[in-house]
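> The sequence shown maps to residues 0 to 164 in numbering that gives the first Met the number 0.
Note that CB positions come from ideal geometry on N, CA and C, so glycine has one too.
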Amino acid sequence: MKTRFKSGNLTEERRAFLKQSGAMAAMSAFGLSFFTACTKDVAEPDMPDEDENMEEPDVEAITVTDNAVTIQLDLVEALGSSGGWILIQDANLLVVNVGGTYSALTSVCTHQGCASSWEYDNEVFTCTCHDSKFSTAGEVLQGPAVQPLTVFNTTLANGVLTVSI
Ligand code: FES
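1. Helix, strand or coil for Thr149, going by three-state DSSP, please let me know.
2. Can you find a heavy atom of ligand 1 that lies under 6 angstroms from the Cβ of Gln111?
3. According to DSSP, what are the bridge partners of Val63?
4. Just the Cα atoms here: how many angstroms apart are Asn157 and Gly83?
5. If you pair each beta-carbon of the segment 66-80 with each one of the segment 114-132, do three or more pairs fall below 8 angstroms?
6. Can you round the beta-carbon distance between Leu104 and Gly142 to whole angstroms, since I take them to be within the 8 angstroms contact cut?
7. In angstroms with no decimal places, state the Cα-to-Cα distance between Glu59 and Val139.
8. Between Val159 and the rest of its own chain, which residues show a CB-CB distance below 8 angstroms, the 5 nearest in sequence each way excluded?
9. Quick check on DSSP: helix, strand or coil for Asp120?
10. Leaving out the 5 sequence neighbours to the left and right, which residues in its chain are closer than 6 angstroms to Gln146 when beta-carbon positions are compared?
11. Tell whether a beta-carbon distance below 7 angstroms holds between Val107 and Ala114.
12. Between the C-alpha atoms of Leu78 and Ile164, what's the straight-line distance to the nearest angstrom?
13. Excluding the 5 residues flanking Ala28 on each side, which residues of the same chain have their C-beta closer than 7 angstroms to its C-beta?
14. If I measure Cβ to Cβ from Thr149 and keep anything under 7 angstroms in the same chain, skipping five residues before and after, which residues do I get?
15. Is DSSP giving Glu43 helix, strand or coil here?
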């Protein structure tokens, strides 16, 4: 079964499509929040269907097991540069490239448990359910959340990022 995930980087092809559809203006206003339900409602007329944001890489690109997630970095373009990030919904996991190193955090917000409404900008994750903000180390930067996000250990070897969950 393929692992579905959302990514925070846009391909040139997709940028062209969004520009053509007029959605780029909305994206500029809301960052990458088109992944989230709340802002998706705002921009619904020009937004592509949410499923179009879902990438389905080759089966080997991301593997989720009970205790680990392995990511073939050369197959996940979104993580190839600093600032790129993905949400692996099958594992409730956020993975981000911060200056060439990788952080992996739970995507289950410690406020009220939203797991898939995330934005990322300037090394800050925002849970758009109620606007809590977290650092890439999981620390709360802004409430209402008070507890940090769990951070998972990562190891990188031969182009494979392994997250112990
Ligand atoms: S559930 Fe994330 S801020 Fe409320």
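Taking the geometry as given:
1. coil
2. yes
3. Val68
4. Their backbone Cα atoms lie some 20 angstroms apart in a straight line.
5. no
6. Contact between Leu104 and Gly142 fails: their C-beta atoms lie close to 17 angstroms from each other, not under 8 angstroms.
7. 34 angstroms
8. Thr69, Ile70, Gln71, Leu72
9. strand
10. Thr109
11. yes
12. 19 angstroms
13. For Ala28, the pLDDT reaches just 32, beneath the cut-off of 50, and the residue's location in the model is therefore unreliable, leaving the point undetermined.
14. Leu104, Thr105, Gly137
15. Confidence at Glu43 is low in this model, with a pLDDT of 34, below 50, so the placement of that residue should be treated as unreliable; the coordinate-derived value is given next. Glu43 falls in the helix class under three-state DSSP.
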